[in-house]
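Here the structure is laid out as structure tokens; the discussion comes afterwards.
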Amino acid sequence: NRAQANLYLENYGKVVNDCVASIKLKPDNAKVYFRAAKAAFALGKFDMTIEFANKGLEVDGSNALLQKLLDETLIESEKKRAEDARAKAVLEAKAKKSKAMRLAMRKRDVVLLKAKSPAIQEHAKGIRLDEEMGLMFWPVLLLYQEHMSSDFIQEFCEQNSWADYMDQLFPAEGGQTPMEWDEENKYTGGRVDIYFERYDRSKRAPMGEGALTHWEKVDVDMPLGSVLEHPDFVIAGIPVFYAVVRGTPFE
282 NRAQANLYLE NYGKVVNDCV ASIKLKPDNA KVYFRAAKAA FALGKFDMTI
332 EFANKGLEVD GSNALLQKLL DETLIESEKK RAEDARAKAV LEAKAKKSKA
382 MRLAMRKRDV VLLKAKSPAI QEHAKGIRLD EEMGLMFWPV LLLYQEHMSS
432 DFIQEFCEQN SWADYMDQLF PAEGGQTPME WDEENKYTGG RVDIYFERYD
482 RSKRAPMGEG ALTHWEKVDV DMPLGSVLEH PDFVIAGIPV FYAVVRGTPF
532 E
């Protein structure tokens, strides 16, 4: 009776405990097995449910409620096994991808830290390793510091260089720049240099990036991967570069 009351109150753990105690005293009561199986099912303990249902059917093989519960449990148990297998496969794939990424970073000898900005760190999720090609693809931020503006390259292949993007970003000499803020039409091909910030990592800093020393001009023909391997290049979330017009006061 107490087990039945607890079943109604959804105190499933107490139901199982009461039924186990009752079975020890009277192991031939099919109703007790049914209540125990029903409570175990509600708790999601399908192996326990199957065990109680089978023992109950040994006592009363014609018990339709026990048989129905057993059939439902076998179906749900199989679904859970399949879901668990899929979840395990996803976790294993993520772990494999993460390991491959760590090895790729170590092989390339790049310094990758967490970004101070949550927005930048969110972009860091776009760092991609193509294992088949053996290539890294980086989301890259290009800042126009003089005008507090920026461009974003979603996937910059490590084998490509800035020279591959200069024509897309900056028009030929005499052309019109697509940036509305470039009223003087300064950002044109042949006049723009690309820089990155150099850090002395031997000096302490909150995020571990070290102390900023100066800006380093990038050889635009050098592959991105080689630029990132510079000992003083620190990637805080994603690689950040600066576009500067040559010969201006800002330079």
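Residue numbers for the sequence shown follow the working numbering, so the first one is 282 and each next one is one higher. Glycine is no exception: its CB is placed at the ideal position from the N, C-alpha and C atoms. Just so we're clear, the structure is a prediction, and the values are computed from it rather than from any experiment.
Query                                                                                                   : Result
Own chain, CB closer than 8 Å to L509, minus 5 neighbours either side, in chain order                   : R389, V391, W419, E439, I516 and P520
Classification of Y523 by the beta-carbon crowding that lies within 10 angstroms, buried from 16 upward : buried
Proximity of F315 and T354 at Cβ, strictly below 8 Å                                                    : no
E497 - partner residues in DSSP beta bridges                                                            : F477
Expected contact under 8 Å - CB spacing of Y468 and F451 to nearest Å                                   : 5 Å
Residue closest to D341, alpha-carbon to alpha-carbon, out of L350, A302 and D309                       : D309
Reduced DSSP category for I408 - H, G, I as helix; E, B as strand; rest coil                            : coil
Status (buried if at least 16 other CB within 10 Å, exposed otherwise) for R485                         : Low confidence applies here, because R485 scores a pLDDT of 49, under 50, leaving its location unreliable and the question unanswered by this model.
Residue interval of the beta strand (DSSP E) (run including S430)                                       : S430 to C438
Where M414 sits in the DSSP three-state scheme                                                          : coil
Straight-line Cα distance separating D448 from F433                                                     : 15 Å
Integer-rounded CB distance, given that K375 should sit under 8 Å from G518                             : No, G518 and K375 are not in contact; Cβ-Cβ is about 20 Å, not under 8 Å.
Three-state secondary structure assigned by DSSP to K307                                                : coil
DSSP state of Y523 mapped onto helix, strand, coil                                                      : strand
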